[in-house]
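Trainee: Starting off with a structure, shown below.
Number of protein chains: 4
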Amino acid sequence: MYQHETTIRVRYAETDQMGVVYYGNYSQYYEVGRVEALRALGLSYKEIEEKGIIMPVAKMNIKYVLPAKYDELLRVVTIITEKPDKRITFRCEIYNEQNDLINFGDVTLVFMDVQSKKVIVIPDYIWNRLQTFFTN
Amino acid sequence: MYQHETTIRVRYAETDQMGVVYYGNYSQYYEVGRVEALRALGLSYKEIEEKGIIMPVAKMNIKYVLPAKYDELLRVVTIITEKPDKRITFRCEIYNEQNDLINFGDVTLVFMDVQSKKVIVIPDYIWNRLQTFFTN
Amino acid sequence: MYQHETTIRVRYAETDQMGVVYYGNYSQYYEVGRVEALRALGLSYKEIEEKGIIMPVAKMNIKYVLPAKYDELLRVVTIITEKPDKRITFRCEIYNEQNDLINFGDVTLVFMDVQSKKVIVIPDYIWNRLQTFFTN
Amino acid sequence: MYQHETTIRVRYAETDQMGVVYYGNYSQYYEVGRVEALRALGLSYKEIEEKGIIMPVAKMNIKYVLPAKYDELLRVVTIITEKPDKRITFRCEIYNEQNDLINFGDVTLVFMDVQSKKVIVIPDYIWNRLQTFFTN
Numbered sequence: 044m045y046q047h048e049t050t051i052r053v054r055y056a057e058t059d060q061m062g063v064v065y066y067g068n069y070s071q072y073y074e075v076g077r078v079e080a081l082r083a084l085g086l087s088y089k090e091i092e093e094k095g096i097i098m099p100v101a102k103m104n105i106k107y108v109l110p111a112k113y114d115e116l117l118r119v120v121t122i123i124t125e126k127p128d129k130r131i132t133f134r135c136e137i138y139n140e141q142n143d144l145i146n147f148g149d150v151t152l153v154f155m156d157v158q159s160k161k162v163i164v165i166p167d168y169i170w171n172r173l174q175t176f177f178t179n
Numbered sequence: 044m045y046q047h048e049t050t051i052r053v054r055y056a057e058t059d060q061m062g063v064v065y066y067g068n069y070s071q072y073y074e075v076g077r078v079e080a081l082r083a084l085g086l087s088y089k090e091i092e093e094k095g096i097i098m099p100v101a102k103m104n105i106k107y108v109l110p111a112k113y114d115e116l117l118r119v120v121t122i123i124t125e126k127p128d129k130r131i132t133f134r135c136e137i138y139n140e141q142n143d144l145i146n147f148g149d150v151t152l153v154f155m156d157v158q159s160k161k162v163i164v165i166p167d168y169i170w171n172r173l174q175t176f177f178t179n
Numbered sequence: 044m045y046q047h048e049t050t051i052r053v054r055y056a057e058t059d060q061m062g063v064v065y066y067g068n069y070s071q072y073y074e075v076g077r078v079e080a081l082r083a084l085g086l087s088y089k090e091i092e093e094k095g096i097i098m099p100v101a102k103m104n105i106k107y108v109l110p111a112k113y114d115e116l117l118r119v120v121t122i123i124t125e126k127p128d129k130r131i132t133f134r135c136e137i138y139n140e141q142n143d144l145i146n147f148g149d150v151t152l153v154f155m156d157v158q159s160k161k162v163i164v165i166p167d168y169i170w171n172r173l174q175t176f177f178t179n
Numbered sequence: 044m045y046q047h048e049t050t051i052r053v054r055y056a057e058t059d060q061m062g063v064v065y066y067g068n069y070s071q072y073y074e075v076g077r078v079e080a081l082r083a084l085g086l087s088y089k090e091i092e093e094k095g096i097i098m099p100v101a102k103m104n105i106k107y108v109l110p111a112k113y114d115e116l117l118r119v120v121t122i123i124t125e126k127p128d129k130r131i132t133f134r135c136e137i138y139n140e141q142n143d144l145i146n147f148g149d150v151t152l153v154f155m156d157v158q159s160k161k162v163i164v165i166p167d168y169i170w171n172r173l174q175t176f177f178t179n
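Residue numbers (this note's numbering), protein chains in the order written: chain A, 44 to 179; chain B, 44 to 179; chain C, 44 to 179; chain D, 44 to 179.
Below you can see the structure in the form of structure tokens.
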């Protein structure tokens, strides 16, 4: 298991007229969580793409518990619980400044060769950064 | 069961550098699908809010099958399969111009009193529009 | 001069906690206005890109007069007042259902070769569709 | 004159299929710049709203010089050059990691009483934080 934390400040643009963050905008927060989780491992998603691998999203689910509000500094916890293979699943949990759980969800991405558009097994240079968290 | 269809043209803003619609933007398409499905029943979500009911999202899941591309005219199918009570679930399916399934998912919303922030049973004037589709 | 009109329904996602459309989202409406203005001339921006021309934005200005609200069906008027050369300027005016002017602005784009990233003069096949509106 | 700097990391969601940040998304970066510039003065825009003042945007202009790319850590410079009265203008300049100017623009907001929707002069408690930068 690998776990990482980062923070995101809610932008005005991200609220809606209900006075809270629009339900669809958490996908962006989850994305930031994933990217920073990889960066902390020495992996740049930008460089992964430059090396010819893209990681499209295969599925996502979110459970909404509480609303997040404008200007809150949210804590974004990203967890990889299962050993990735052709797919990698990121569990994401978002907490507000009072440490209340705002929402949580899983996003599963596939590793895909950008030229052939074929799904591939996790590249070695990515797995090398992760394997220490999954040996038993 | 109640089913409705509308179309959405993909905006340039909604694509990302993978050259396809960003995975988080489908939440907006699903929202448009729900709102138009209600409008076709004579129900305006705007008026529902003006009458003091808000409908926050409780959970969402999406399965991504194919990417949608810039300028495609997508067909958004919205289906209410189960009789709503305190919650209402909208199944959404998105198809491209070749009638390929792009993605599908379920979004569950609750009926909430905007003053008390309490969850309530579906208001009568909404149920009255829907009940004909759920009598057995 | 060439003028075109289309309509856009305000999405919930596009509002902010002020209860109106977020000021930054009008850029998307202006984009839709431009794209539909070109389509009405038989020009697909998607195909323009596929032929190797991109049209990045060089400058934009907007004057905000009134707020647009959720679910309003806005009228988007797009006008090309000046003969394009290396640049093309679209004037955009947005009106609400009461025909009040919501905001207006100018967006100037350049024609650019996608390979060389050099600015070029408007391609003939685009100018051919426009010239009838600018002969004197 | 008052000047402030902050940084913003470009999200994948903010790119478009041209492979760069969508032209309309800089409005959000400018917003973050303004809010952080005020916060550094001890002013929370959230609290300003809670005290009954909203600050809608009256006009905006942007000149685009270079594209910003995915994952770049942009430097957002926000400057108040003129003494505010009923209006306040924020000059914003965005630089990439090579210190190239990406774009720059001015956003003018008005001070408005949220109840009466009337434009008002800058409230004293805001001006008190700014006046030291404008005395001559």
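Just so you know, even glycine gets a beta-carbon here, dropped at the ideal spot from N, CA and C. Please read all numbers here as calculations on a predicted model, not as lab measurements.
Would you mind telling me which residues of chain A sit closer than 8 Å to B/Pro-110, beta carbon to beta carbon, in chain order?
Mentor: Position 67 of the second sequence, counting from 1, holds the residue named residue 110 of chain B. Within 8 Å Cβ-Cβ: Pro-99.
Trainee: Does the contact criterion of 3 or more C-beta pairs under 8 Å hold for the segment 146-158 of chain B versus the segment 117-136 of chain B?
Mentor: Yes, they touch.
Trainee: List the residues of chain B whose Cβ lies closer than 7 Å to the Cβ of A/Ile-105, in chain order.
Mentor: Sequence index remark: in the first sequence, residue 105 of chain A carries index 62 (1-based). By Cβ distance, chain B contributes Lys-102, Met-103.
Trainee: Do C/Leu-117 and C/Tyr-202 come within 8 Å of each other at the CB atom, strictly closer than that value?
Mentor: Here chain C comprises residues numbered 44 to 179, so residue 202 of chain C is not present and cannot be evaluated.
Trainee: Using the beta-carbon count (16 or more within 10 Å), is A/Tyr-65 buried or exposed?
Mentor: Numbered from its first residue, the first sequence carries residue 65 of chain A at position 22. Classification for A/Tyr-65: buried.
Trainee: Just to make sure I have the definition right: I need the residues of chain B whose C-beta is within less than 7 Å of the C-beta of C/Val-150. Which are they?
Mentor: For the purposes of this step, residue 150 of chain C is identified with residue 107 of the third sequence, where counting begins at 1. Per Cβ cutoff of 7 Å: no residues; C/Val-150 is ~12 Å from chain B at best.
Trainee: Under three-state DSSP, which class holds D/Glu-115?
Mentor: Your numbering for residue 115 of chain D matches position 72 in the fourth sequence. Here D/Glu-115 sits in coil by DSSP.
Trainee: With 7 Å as the limit, tell me which residues of the segment 64-82 of chain C have their beta carbon closer than that to any beta carbon of chain G; keep them in chain order.
Mentor: Note that chain G does not occur in the displayed structure, where the protein chains are A, B, C and D.
Trainee: On the DSSP bridge list, what partners appear for A/Met-103?
Mentor: Counting from 1 along the first sequence, the entry for residue 103 of chain A is found at position 60. In the DSSP output, where bridge partners are listed per residue, A/Met-103 has A/Val-150, B/Ile-105.
Trainee: Beta carbon of C/Asn-184, beta carbon of D/Asn-104: below 8 Å?
Mentor: The question about residue 184 of chain C has no answer here: the residues shown for chain C are numbered 44 through 179.
Trainee: By alpha-carbon positions, which one of A/Asp-114, A/Gly-76, A/Pro-127, A/Ile-91 ends up nearest to A/Ile-178?
Mentor: On the first sequence, residue 178 of chain A is found 135 positions in, with the first residue counted as 1. The sequence given here has Thr at residue 178 of chain A, not Ile. That would be A/Pro-127, whose Cα lies nearest to the Cα of A/Thr-178.
Trainee: May I ask you to list, following chain order, the residues of the segment 44-61 of chain B that have a beta carbon less than 7 Å from some beta carbon of chain A?
Mentor: Residues Met-61.
Trainee: Let me see if you follow: with CB-CB separation under 8 Å, is D/Asp-128 close to chain A or not?
Mentor: Position 85 of the fourth sequence holds residue 128 of chain D. Cβ-Cβ to chain A under 8 Å: no for D/Asp-128.
Trainee: Give me whichever residues DSSP pairs with B/Leu-144 in a beta bridge.
Mentor: Taking the first residue of the second sequence as position 1, residue 144 of chain B is located at position 101. DSSP lists B/Tyr-138 as partners of B/Leu-144.
Trainee: Just verifying my parser: in three-state terms, what is the DSSP assignment at C/Gln-96?
Mentor: The count along the third sequence starts at 1 and reaches residue 96 of chain C at position 53. For clarity, residue 96 of chain C is Ile in the given sequence; the question names Gln instead. Three-state DSSP puts C/Ile-96 in a strand.
Trainee: Given 8 Å as the limit, is there contact between the segment 79-87 of chain C and the segment 45-60 of chain C, that is, 3 or more CB pairs closer than that?
Mentor: Counting Cβ pairs under 8 Å, three or more are found: they touch.
Trainee: Let me see if you follow: with CB-CB separation under 8 Å, is D/Tyr-113 close to chain A or not?
Mentor: As a position in the fourth sequence, residue 113 of chain D is number 70, starting the count at 1. So, interface residue.
Trainee: Can you give the Cα-Cα distance for B/Arg-97 and A/Met-61, rounded to whole angstroms?
Mentor: For the purposes of this step, residue 97 of chain B is taken as residue 54 along the second sequence, with counting starting at 1. For the purposes of this step, residue 61 of chain A is taken as residue 18 along the first sequence, with counting starting at 1. First, the amino acid is wrong: residue 97 of chain B is Ile here, not Arg. If you take the alpha carbons of B/Ile-97 and A/Met-61, they lie about 8 Å apart.
Trainee: Is D/Gln-174 helix, strand or coil by DSSP?
Mentor: Numbered from 1 along the fourth sequence, position 131 holds the residue referred to as residue 174 of chain D. Helix at D/Gln-174.
Trainee: Going by other Cβ atoms of all chains shown within 10 Å of its Cβ, with 16 needed for buried, is A/Lys-94 buried or exposed?
Mentor: For the purposes of this step, residue 94 of chain A is identified with residue 51 of the first sequence, where counting begins at 1. Exposed: under 16 other Cβ atoms inside 10 Å.
Trainee: Answer yes or no: does any C-beta atom of chain A fall closer than 8 Å to that of D/Ser-87?
Mentor: For the purposes of this step, residue 87 of chain D is identified with residue 44 of the fourth sequence, where counting begins at 1. With 8 Å as the cut-off, D/Ser-87 counts as an interface residue toward chain A.
Trainee: By the DSSP assignment, the beta strand (DSSP E) with C/Arg-52 in it spans what residues?
Mentor: Your numbering for residue 52 of chain C matches position 9 in the third sequence. Counting along the chain, the beta strand (DSSP E) containing C/Arg-52 begins and ends at 45-52.
Trainee: Would you tell me roughly how many angstroms separate the C-alpha atoms of A/Val-119 and A/Ser-70, rounded to the nearest one?
Mentor: On the first sequence, residue 119 of chain A is found 76 positions in, with the first residue counted as 1. On the first sequence, residue 70 of chain A is found 27 positions in, with the first residue counted as 1. Going from the Cα of A/Val-119 to the Cα of A/Ser-70 covers about 12 Å.
Trainee: When you compare only the Cα positions, how much space is there between A/Leu-152 and A/Val-100?
Mentor: Translated into positions along the first sequence, residue 152 of chain A becomes position 109. Translated into positions along the first sequence, residue 100 of chain A becomes position 57. Answer to the nearest angstrom: the Cα atoms are 4 Å apart.
Trainee: Whose C-alpha, out of D/Tyr-107, D/Val-108, D/Lys-102, is nearest the C-alpha of C/Lys-106?
Mentor: The residue you call residue 106 of chain C lines up with position 63 of the third sequence. Per the Cα distances, D/Lys-102.
Trainee: Quick one: is D/Thr-227 buried, meaning 16 or more other Cβ sit within 10 Å of its Cβ, or exposed?
Mentor: Chain D is shown only over 44 to 179; residue 227 of chain D falls outside these bounds and no answer can be derived.
Trainee: Can you give me the Cβ contacts of D/Ile-131 inside the same chain, cut-off strictly under 6 Å, excluding the 5 residues immediately before and after it?
Mentor: Position 88 of the fourth sequence holds residue 131 of chain D. Taken in chain order, the residues that qualify are Leu-152.
Trainee: Quick check: the Cα distance between A/Lys-28 and D/Glu-92, rounded to an integer number of angstroms?
Mentor: As displayed, chain A neither begins before 44 nor continues past 179, which places residue 28 of chain A out of reach and without an answer.
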